Structure formats: structure tokens, C-alpha cells
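Let me begin by presenting the structure, written as C-alpha cells, before commenting on it.
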Amino acid sequence: MRTVLIGVAVAVLDAAGLLAGWWWVTVLVAALAAYRFAGKRVLLAVLVGTALAWGLSMLVQAGSQLGAVADLVAAMALNARGLGWVVIVVSLVYALLLALAGSWLGGVVRRLSAPQVASVQEESVEIVEAQHV
Amino acid sequence: MKRVSLRRLLDVLGGLVFALLVLVPSVTGLGALPALGGALNPGTGVWRISADAGTAQSGDLTLPGLKQPATVSFEDNGIAHVKTGDDADLFRVVGYLHARFRLVQMDLTRRQATGTLSEVIGAATLEVDRFERDLGLRRAAERDWAALKDDNPAKTTLQAYSDGVNAAMRELRSDNRMPTQFAVLGYEPADWSPVDSLAVQRLVGQKISFDSQAPLFSYAEKTMPPEAFKAWFPDVPENQQHPYAKGPFQKLPLTSLPQRAFPDPATTSGKANAAGQTKPGGPLAVGAELASLLASLGELPDNGSGTMGHSNSWVVSGSRTESGKPILSADPHLPHSLPSIWYQLEGRSPGYHFTGVTTPGLPVPLLGKTDDFSWGLTASQRPTTLYYLEKTEEGRPNEFYSKGSWQPMTLLQEKIAVRGQSDVDHTIRLTSHGPLMENEGITAAVWWAGTLPNDNLHSILKMLRAKNVGEFRDSLSNWVTPALNFSYADRHGDIAMFNAGVAPQVDGHPPTLPLPGDGTAEIAGSIPFEALPSSVNPPEGYIVSANQREVTGDYPYQYSTSYNWVLHGWRDGEIVDRITSAGKLSFAETAALQSDWHDNNARQLVPLLLEALNGEKLSDAEQKTVDMLRAWDYNATPESLAPAFFDSFKNRVSWVTFEPWWKHYGVKQNPGEYLLPKGPDAGAWAQETLRGTVLGWIQHDPENKYFSLPDGTKRTTTQVLREAFHQSVKRTVDKYGADLNGWRYDKYQKVLFPSLLGISALDVGPIPWGGNPRTINTAVGTRDDDNGNPLSNLATAGPTWRLNVDWGTGEANSIFPAGQSENPMSPWYANGVPVWSKGQFWPVLENDAVKATAEWRLGS
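Sequences listed follow chains E and L, in order. Taken in order, the first sequence gives residues 8 to 140; the numbers are from the working numbering. Taken in order, the second sequence gives residues 94 to 953; the numbers are from the working numbering.
Pasting the structure below:
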């Protein structure tokens, strides 16, 4: 339930920022989520929330013309018609990269500010987590 | 512990590096990519639907500054009808409309005119920017704006237009609906100013009238005996001409030209203020996905904004029409582009009522009709670009020798902003004749009429209010540039044609060749307006202008020659033939004539060939070709077969005649190697003139010495025609096969409507096509292949708008091969292309006849 709530919160905050023209909100929200909450599920929630926020915002802006807009951008950027899906995929991948970068930085700050634990087992868990966030 | 710390360190470093890798391109862009954050952001990036992406929707809109409420009605094809209660409001709304549907085009056009393309495109357009800054369109625009008096209606009009453009831009920005192209390119346009409009006006003039024929043909003139040059390239072309001004002529004293000082008063600081108009999103450098887009934008002047200005216009008096009143037809020939150079609208205010085509960036129509008359334009071929060979010395880099002493050049230092790299310093060097520029490998000071002080906008505003032919003529008396023929037909029954614009006269030297800059070839003045070619209600009942020489050989002033403009006599010959051979001309017939593909050169040359082949032994393929030619009506339709042969034959006749001689004379090519044909089937500038020369000689001077060979071997015209025929049949069979069905013209003749941005994915076409540069429905290839050879069978220029007005029936129609919107997503992007290519039209609707599908109600 917690991860679902995190995902929804990320999506709402991201979407609000994006529609205001603040793309960097994606990084900030992911960083805050990863700073406040640890775990792979949280990372997954952040990524899903981000993808939803970007996808829905794109739909809100372009509506039924989403494919046509993507096609126009593809024509301009790639000089090819019919590759609008590439532009959509690139946009979503880019959004996920932003969220990953924010999550990683948020996780680093959390780990740096947390007390060191001696247990190798805990260490290992933390390292695995670091590799995921 | 140590192992854990290292992992922590790697964790931190990894996070930082990854974040940098993602965030840096997000903020600054990478290579040719714009800043990704802003570009891909759904809120403000490419995912917005720009305002011009669809058809107009009815609604109430705010346009600050409107004195009275206004409306804009849209037909389902996108044609706009503006109605205002105030004259300035009319042009304010026109500016608003242009910006709503053509903002990208307007900004790129303004940037080309002001030499600031590189600021948003990069180094690819640096040479274009240098050229335009040297030429000085912006310097001239700033000077002329400063000179406009407050009571000049042109000033009010330009200001209102700019206000309308800027209001639209503010609205688009605040609604987040700027054109997608700006998001992809990563910048937004700056505010529009009246100076921008005046610079665009000069750019339109440049497309029509700037030429480099003088340095180009100087390569032939310098290496040929004078009598040979004069014979090959005479003042009056050798083939049949159709001047509309036939004399008798009166030699009136020359008038003085508008005074132009270097540097111009507006730029006494010596620094152009052209750059810094925009807000580039970040540094771009060629190297990533957008590189191809930027590269194509770098070629902008070669396509959508390039040069190539032919045109047809004819007016027929009521004595020759079915309706008993005059008919006007006009079709300006320019490079095709999507969007088009034209935006069509009807404008109505208390002082004006017109329907016509405007150019985005300019507030007034350039061709069209009012309630009282209709008018068209064709480019006049007389020289208005003069080249002065300045005498300089190595030790005096900034001086030129004139009138017995060394004079200092005026130097203007400018900085050109270039996207993705630091600013580039550029020095403009001006002599008393103009900027020093290199054209065709020759450095010369360029005197171009296009930068003379002018008040042409005022002339057009006066013209739009004219009520009769006298007022129309008077409105043109101060027209400066470009040199144009204005065709005219009115409701009263009058037809006319007036040539307007300055016509520089040079004592003792032909202005069509480079001139000495030492002071011995100064401009003495201009042909007075009263003595320029004109015709009003001629007894023959028609007037035709298709860029032919407007006057007969006894015109008492320096005028055009056969080489400072090419393509003489073909289109006008065909038009005159049709008008005079018809009974009473109907509206439908004149409209259909604009789509005519009869080749006048073939009409004259093929019968001479067939006669020359009498008694000649022919192969099977040659006999089939002769049979085909006998059945040919000279119509170069897409399904016709003969053009495949004639395309080669027309070139080979002059190749067989002249090639031995230019080899004998050692005529030099220009650096671009398009003065002389590179091979027997290649086109070339000289070839276009020689085509007329050789035809005239065959018809009237068959004993001309140039039919024989330089070594004295005697040849007759019959031998020349036979030789060209044998060669051409062999070449055509080699290229298209022995089966004549493989010679269908549309298998290789196409027309293409390129996107203004040079993006082939946004082009329309190529479409199978007919015609050639000599047909009324002209088809001109302006592109080269990768090896620099002209793609003459890929037409990228031709009739960009067609207009027909019958003052008897009240019918009028028009069409252009594009659409009203520049957005490829819009149904109005290219909806005119299929109509145009079928030879069909949209009716010109006015007033209550307009069937509007949407209406904007504008208030302040």
C-alpha cells in the first residue's frame, strides 16, 4: 500500500510540475522519495509514477493528436515519417533516466546521513539497495 | 570497514556521474540536440499542440489595440476574410493572422533578410548571413523606417501590422501554443518590428531582381571576339519576340536616382544591430540527430527562399472576350515551398477592399483585385544589379581608385552570432558603388537597386485605393524596386501594362557586364517613369508579359540583352498565339491556358527538323521518332512521348552548332561551371540564350558563318539539324530504350513541393508532371544532384499562385500549390496541391458570398 501511495504521489507531483513547465521536478521528486524511503519497491513506484506522469501529461497536451505530434517531431529530428513512436519511447526513457538519477542521488544522501551498521549482512543489503536506487 | 567505505565512495561517485550525464544534456543540450528538459517536457516542449496545427475554430479573441471590433471568417480551405471598422485595424489583423499561421516562416525569412540565420542554425548559414549583411537589406530597412514621416500611411500600416504580429506571439506564448518547430529548434522568436517588415520586403525584391548575370557572362565576353559575343548574345534575342511596348519611343531626359550614401545614415555607428533578436535555448553544434535538420536549414536560400522569378500575366480587352469586359490572368513563378511564399486573404475596411496574396512579413497584397480593378506582376528583365570592378592594390587593402585618386572604403564591423560556437567577426567593405562582394568568382562592388531608398509600401497603399487606370498608373510613378511589369484590367473596360522601377543608365558602358570602377562608368540617371515601357488599351486588344523583352530594338535607352535574362519569347509566344487564335476568350479558357504545356520552342523547331530530314536515310528508331514527331502537337503532357526526344534535341542543336566554336575561342567556364553546358544534353545559362539564337538563325539567317566549323569546313543548317537529330535519337534510345512506350514523359518528369525547412519527410511529391521552363505552365528544376548536375526534370519551381478575374461575368478564381498553414499537422498545410496539380481552382469569394466554416470575433 505504501509503495502504491508513493507511486501516486510521485505521479501527481511530477505531472503538476511538468504542466507548469518544470521538467526538473521529476528529478527532485524522485530524489525526495528515495531519500525518505528505501527499497526496491520504492524505486519501482518512483519509476512507474514518473512514467505515468509523463505519459499522461503528454496525452493531456496532445490528446488524440499525440501520434501526429510525435510524427512531426520525428520528421523534423529524424527526417523520417512514421517514426513518431520512437519519439514517444525516447521521451519516456528520458523521463525514467531523470527519475533514476534523482533516486540515486536521494538514496546516496540518505545512506550518507544514516548511522553506519557493522553487520555485513546489513551492509550487503544496503549495497544491493544502492545498486538499485 | 575499508571495503564498505569504498563501496560508499563508488555509490556517491556513481550517483553524481549518472546525474551529470542525464542533467547536462537536459539543461544545455548535447551536440545538435536542444536542451532535452525543455524540449521533451510535456508541458512546454514538443508535445504542445501549436495553434496552427488545426483548422481555425470559431470564438472570441482579444487583439489589443483594435479600435473597433473585427472579424476573420475562414472558408473550409483556409482562405481568410478580414473585416474591420478601421484601416489600421485591417493591417493589425493581417499581422495577427500571419503570425498565427506562418510564424516560423516569418522568423526564418526575417533572419535571412537580416543575416541572422546562423544565430539559431549554426555555421551552415554563415555564408548566407555574410552575403545578406554585405548586401545590406537591414541597413536599408533601418534607414527607410527612420525616414518615414509620421503622416505617411505606410508608417501607420507597418506599426499596426507589427503590433498584430506581436499580439499573436504574446497570445501563443501565454497559451503555450507556439509552433512545434521552435521547440525542436530550441528557441523562440523575438518581437516583430516595422524594420523587419521592410527587410523582408527587400528580400522579396532580392528573389526577383538580384542577379549575377554580368559577372557570369563576362567569362564569355572576355574570351570571345567582340563580334562573336554580339552575334551569339545580341541585345534583342534572335528568336521571335513579342514586346508589348512597340513604340514610337521618345527619349526623355534621365531622372536622378534616389540618393543612397555609404554608410547609410542609420548605421553611422558602423555596427549592424541585426543579431540578438532571439533567445536560443542553448548551444547547438552539428553532430547529432538534428544535424541533418540544421544542414537542410543551412540550404534554405537554395530552396524555399531562393531565387527564380519568372511570371506570366496577360490582360485581354472586352473586344476579345465572351463577357465583353476585360479578363486578367496572372501567375507568378517562384520556387515551390511548403508553406508557400503566399498567404491569401480578403481584406475589408472603410478605406480598402482587396482580395489577393500577401507575403508573411508584409501587410499588403502583392497581386490580386479590388472592387475596381485586378492586377498582376511579372519581373522585368532590365538590369538593376550592376558590378563595378574596383581597382585596388595590395598595399592599400581598404582603398579603391576612383576619379583619379585613392579613396578610402567605408568599413562596417559586425559580429555574427553563430549557434554552437563563438561570434564571428565580419567586415563589410563599401566603395562609392556598393559593398565589395564575390560573385561568380569575381570580386566587385555591387550596385543593386534593391537597397535604394524607397517608399514602395506607400505606392501599394495608393494603388489599392485607385479607381481607374490613371490613378493606378500614378500610384506606380515612385516605385523604385524591383523592376516589375504591373498588368491591369478594370471594371470600366480598360486594360494596361506598366513597367515600373528605376532603370540605371551608364554612359559608354553596357550595364549588363562588369563595369570599371575608376569613375568612367558612373550611373548617369534612370529612365524616367514616363519613358518606361507601357501599354494602355492597345488596338490588338491584349497585352502579354511573360518576362520577355518589353520593348523593340529601337528603344532609345540602355535596356536588357539576350543574356542578362534568359528564356525569351517562348511563353509569351504561346500565350499570344492562343489569345489571337481563339474566338471570344471565355473565363474558363483563360484559366485553362495557365495549365498549358505546349512547347513554343518545339512548335518552331520541329517542323524545321522534319523538313531537313526529307531525303535522309533513317534507321528504324529514327523513322519511328519522325513518325512520332509528325503526330505531336507540341504539348509536353505527362503522357506524351516526344519530350523525351526533344529534351535532348533542343540542347544538341546548339551544342552541335556552338560547341566547336567555344572550344576554338577557349571560352572559360565560371567557377560553378553552369555558364556553358558540361555535355551535349546538359542545360546551362548560355545554352538558354543560344537556343533562341540558333533558332532565329535557322529561320532567318541559314548562311550564318557559325553553322560552319572553325577550320573552315562548310556546314548547312540541314546538316546541323540532321546531326543533332541522329545524336538525340541515339541518346534517347540509349536512355529510355527502343520501345517508344518507355519514353512517357511522366516517367522521369516530376514536380516536388519541398518543405521550407528542407525536411524531405515533410515534402509533398514528387508527382508525375509535364511541361518545362519554356511552357506557360512552367516547370523549372532548381536543384542539382550530388555531382552538381542540374536536376532539370525535377521541377521545384513554377506557378506559385494563379489568378483569373473576368470583369464581365464577375467570376474570379485562384489557387496555390500549398496551403494557408505552415504546420504539417494542419489540414491546411498542402490542401491546394491536388487542386493546383489538376489545373483546378478555388473560387475567389468576397463579401456575402463567403461560405465561412469558422469565424473569429476580435475585440480589444
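Think of the CB as a built atom: it goes at the ideal place given N, C-alpha and C, for glycine as much as any other residue. Keep in mind it's a predicted model, so treat the numbers as computed, not measured.
Going by beta carbons, L:P432 and L:E915 fall inside the 7 Å limit.
Taking a Cβ-Cβ cut-off of 7 Å, the neighbours of L:V115 in chain E comprise L104, L105, A108, given in sequence order. Taking L:G874 as reference, the option from L:R824, L:A777, L:P649, L:Q651 with the minimal CA-CA separation is L:A777. With a threshold of 7 Å between beta carbons, L:L133 makes contact with chain E.
Runs of the alpha helix (DSSP H) lying entirely within the stretch 552-626 of chain L and spanning at least 4 residues, in chain order: 562-568.
DSSP places L:S741 in the helix class (H, G or I) of the three-state scheme.
In this structure, E:V76 sits away from E:A84, with a CB-CB distance that is not shorter than 7 Å. In the pairwise beta carbon analysis, the stretch 32-40 of chain E is classified as touching the stretch 104-113 of chain E: at least three pairs are separated by under 8 Å.
Under a 10 Å Cβ-count criterion, L:D256 is classified as buried, with 16 or more other Cβ atoms of the shown protein chains found around its own Cβ. The C-beta distance from E:V115 to L:D104 rounds to 6 Å, short enough to meet the 8 Å contact threshold. Closest by C-alpha distance to L:A537, out of L:W468, L:P607, L:I553, is L:P607.
Considered as a whole, the stretch 161-226 of chain L harbours 163-167, 173-176 as its complete beta strand (DSSP E) runs of no fewer than 3 residues, in chain order.
If you compare the alpha carbons of L:W929, L:T806, L:F800 with that of L:A321, the shortest gap goes to L:F800. Contact of E:R88 with chain L is assigned, a C-beta pair being separated by under 7 Å. Taking the Cα of L:N897 as reference, the smallest distance to any Cα among L:A705, L:T825, L:F739, L:F680 is reached at L:F680. Interface residue (Cβ-Cβ distance to chain E less than 7 Å): L:F111 is classified as such. Here E:M8 is exposed. Its C-beta has fewer than 16 other C-beta atoms within 10 Å.
Counting C-beta pairs with one atom in each stretch, the stretch 322-330 of chain L and the stretch 779-787 of chain L have three or more that are closer than 8 Å, which means they touch. For L:D145, the three-state secondary structure derived from DSSP is helix. The beta carbons of L:A593 and L:W572 sit closer together than 7 Å.
Selection L:S267, L:E168, L:L159, L:L470 evaluated against L:Q150 yields L:E168 as nearest (Cα-Cα). Rounded to whole angstroms, the gap between the alpha carbons of L:T524 and L:P609 is 13 Å.
Here the alpha carbons of E:G89 and L:V857 stand approximately 15 Å from one another. In this structure, DSSP gives L:M530 an extended state, which the three-state scheme calls strand. Secondary structure of L:A338 (DSSP, three-state): strand. In the DSSP annotation of this structure, L:S733 is not part of any alpha helix (DSSP H), being labelled neither H nor E.
Identification of chain E residues near L:V277 by a Cβ-Cβ cut-off of 8 Å yields V80, M83, A84, ordered along the chain.
Among the residues facing chain E, L:M918 is included, as its CB has a counterpart in that chain under 7 Å away. For L:K462, the pairing in a beta bridge is given by DSSP as L:T448, L:S467. Spatial neighbours of L:D774 in its own chain (CB-CB distance under 6 Å, excluding positions within 5 residues in sequence) are listed in chain order as S741, N744. Residue pairing by DSSP places L:K484 opposite L:Y494 in a beta bridge. Look at L:A639 here: in three-state DSSP terms it is coil, with no helix or strand label. With a cut-off of 8 Å on Cβ pairs, the stretch 103-121 of chain L is not in contact with the stretch 264-278 of chain L, counting fewer than three such pairs. Between the C-alpha atoms of L:L625 and L:L350 there is a straight-line separation of about 15 Å. Rounded to whole angstroms, the Cβ separation of L:Y337 and L:S628 is 5 Å, and the two are in contact under 8 Å.
Residues of the stretch 34-64 of chain E whose Cβ lies closer than 8 Å to any Cβ of chain L, in chain order: V34, W61, S64.
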